[in-house]
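Heads up: the structure comes next, in structure tokens.
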Amino acid sequence: MSPFTKFSVLAQDRVRSRAPLRLGLAGGGTDVSPYAELHGGAVMNATIDRYIYACVELIAGQEVAFESHDLGLRRSVAATPSLALNGVLDLHAATYNRIVADYLGGRAMPLRLTTYSEAPAGSGLGSSSTLVVAMVQALVELFHLPLGEYDIAHLAWVIERQDLGLAGGQQDQYAAAFGGFNFMEFRGRDNVIVNPLRIRPDVITELESQTLICFTGVSRESASIIAEQSRNVEQGSTRSIDAMHRLKDAALLMKEALLKGDLEALARTLDAGWTSKRDMAAGISNSQIEGALEAARAAGASAGKVSGAGGGGFIMFLVPLERRRAVMAAMAERGYHTETVRYTAQGAIAWRT
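Numbering (our numbering), first residue to last: 84 to 436.
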């Protein structure tokens with residue numbers, strides 16, 4: 084129980100927050116249990132200029148109100164110390180429950196918590212974890228809680244993986260909390276080291292000029308893919324475990340390529356990582372994804388991979404600037420929307436209005 088059970092919040096206070104989404108560059112999947120505990124994982128990722136926002140304010144009365152603008156869902160219930168998890172905005176309710184239990188001394192708080200995402204759930208950009216980080220960040224600011232980036236990321240992980248039992252890894256929470264280009268080491272449960280990289284501005288600018296993301300549709304396979312990946316490790320599947328070893332090595336190679344500004348090595352590593360990732364579990368790739376990758380390469384892309392667990396979501400392409408329009412046209416012919424991105428240095432933030 085935290086000693087911070089006494090606090091002062093003005094009734095008119097309204098807090099907004101935002102947390103950035105991320106692109107997984109290499110090593111994704113090695114942060115998932117039990118591989119991380121048994122072998123240690125490593126991930127290289129970077130946050131982009133797509134965000135999830137949260138707004139929280141205390142309200143009169145004895146209700147707790149949640150709203151998701153993306154899902155078009157609302158939920159209002161009596162303000163109690165522990166709200167039921169009934170399948171309606173459970174991420175919101177579980178975040179409220181954990182903050183009340185750990186930091187408010189079990190004192191129910193009538194409040195309104197609203198969220199808005201710039202990417203759909205299942206996009207492969209870490210949206211659900213980023214959503215929880217944004218909500219935690221807003222509540223930390225509202226109640227003046229003394230939590231830093233590691234604390235917020237870990238708390239978001241506890242809410243998703245323990246309180247709600249949702250399958251997944253750890254990289255997304257830490258990417259959203261810290262922001263920027265990070266080499267992350269996973270040395271078992273509750274033992275995460277985030278290493279921010281100092282990459283030359285010209286390298287980042289050139290990488291931005293080459294990065295495209297293409298939305299193939301919401302992935303409905305991620306939970307089953309992650310579950311199979313975990314089973315493969317538990318059962319000692321040589322193919323799956325060897326693939327994860329290669330992914331972990333790719334994260335280190337990606338880190339070196341970024342620090343040296345070697346974008347040719349970066350492209351090779353991205354492609355090699357995708358080849359390894361497909362060996363972790365069935366369903367990571369499919370004919371739709373492979374068709375998009377093949378069409379993009381034919382139009383001039385130098386590398387490509389799915390961001391996230393797989394099965395759908397966003398594909399990240401590296402494309403020489405001179406071939407950008409050709410690749411975008413090739414994706415449009417397949418009915419896909421392709422966008423440019425900017426890489427961001429700032430993690431989750433909150434402010435009062």
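Note that beta-carbon positions come from the ideal geometry of N, C-alpha and C, so glycine has one too.
Bear in mind the structure is a predicted one, so any value in this text is a computation, not a measurement.
>> Going by C-alpha to C-alpha distance, which of 128, 177, 100 and 107 sits closest to residue 140?
In response: 100
> In this structure, what does DSSP give as the bridge partners for residue 97?
Replying inline: 140
> Any heavy atom of the ligand SAM closer than 6 Å to the CB of residue 322?
Replying inline: Inclusion of the ligand SAM in the displayed structure is not the case, the ligand content being empty and no account of it being possible.
> Smallest Cα separation from residue 288: which of 428, 180 and 322?
Replying inline: Of the listed residues, the one whose Cα sits closest to residue 288 is 428.
> Should residue 408 be labelled buried (16 or more other beta-carbon atoms within 10 Å of its own) or exposed?
Replying inline: exposed
> So what does DSSP say about residue 84, is it helix, strand or coil?
Replying inline: The predicted position of residue 84 is uncertain, since its pLDDT is 38 and thus under 50; a value taken from the coordinates is nonetheless stated next. Assigned with DSSP and collapsed to three states, residue 84 falls in coil, not helix or strand.
> When DSSP labels each residue in this structure, what does residue 201 get in the three-state scheme?
Replying inline: coil
> For residue 271, which beta-bridge partners are listed by DSSP?
Replying inline: Bridge partners of residue 271 according to DSSP: none are assigned.
> Is the Cβ-Cβ distance between residue 410 and residue 398 less than 7 Å?
Replying inline: no
> So, helix, strand or coil for residue 159, using DSSP?
Replying inline: strand
> Distance, Cα to Cα, residue 352 vs residue 294?
Replying inline: 15 Å
> Going along the chain, which residues of its own chain have a beta-carbon closer than 6 Å to the beta-carbon of residue 165, five neighbours each way excluded?
Replying inline: 180
> Between residue 413 and residue 379, which are expected to be in contact by the criterion C-beta below 8 Å, what is the C-beta distance as a whole number of angstroms?
Replying inline: Between residue 379 and residue 413 the Cβ distance is about 6 Å, and since that is below 8 Å, they are a contact.
>> Can you check which of these residues, 152, 270 and 247, is closest to residue 201 by C-alpha distance?
In response: 152
> So, using beta-carbon positions, are residue 136 and residue 103 closer together than 7 Å?
Replying inline: no
>> I need the straight-line Cα distance from residue 361 to residue 276, nearest angstrom please.
In response: 26 Å
> Buried or exposed: which applies to residue 105, given that a residue is buried once 16 or more other Cβ atoms fall within 10 Å of its Cβ?
Replying inline: buried
> In the structure shown, what three-state DSSP assignment does residue 321 receive?
Replying inline: It is helical.
>> Once DSSP output is grouped into helix, strand and coil, what is the label at residue 403?
In response: coil
> Can you round the beta-carbon distance between residue 431 and residue 216 to whole angstroms, since I take them to be within the 8 Å contact cut?
Replying inline: Correct: roughly 5 Å between the Cβ atoms.
>> Could you tell me the alpha carbon to alpha carbon distance between residue 367 and residue 159, rounded to whole angstroms?
In response: 37 Å
>> Using 7 Å as the threshold, is the C-beta distance between residue 271 and residue 120 below it?
In response: yes
> Between the C-alpha atoms of residue 333 and residue 245, what's the straight-line distance to the nearest angstrom?
Replying inline: 29 Å
> Roughly how many angstroms separate the alpha carbons of residue 234 and residue 143, rounded to a whole number?
Replying inline: 30 Å
> Going straight from the alpha carbon of residue 173 to that of residue 345, what length do you get?
Replying inline: 43 Å
> Quick one: what's residue 433 bridged to in DSSP?
Replying inline: DSSP output for residue 433 lists 100 as bridge partner(s).
> From what residue to what residue does the beta strand (DSSP E) around residue 386 run?
Replying inline: Membership of residue 386 in the beta strand (DSSP E) is indicated by the continuous run 386-389.
>> In whole angstroms, give me the CA-to-CA distance for residue 167 and residue 155.
In response: 20 Å
> How many Å lie between residue 285 and residue 329 at the Cα?
Replying inline: So the two alpha carbons sit approximately 29 Å from each other.
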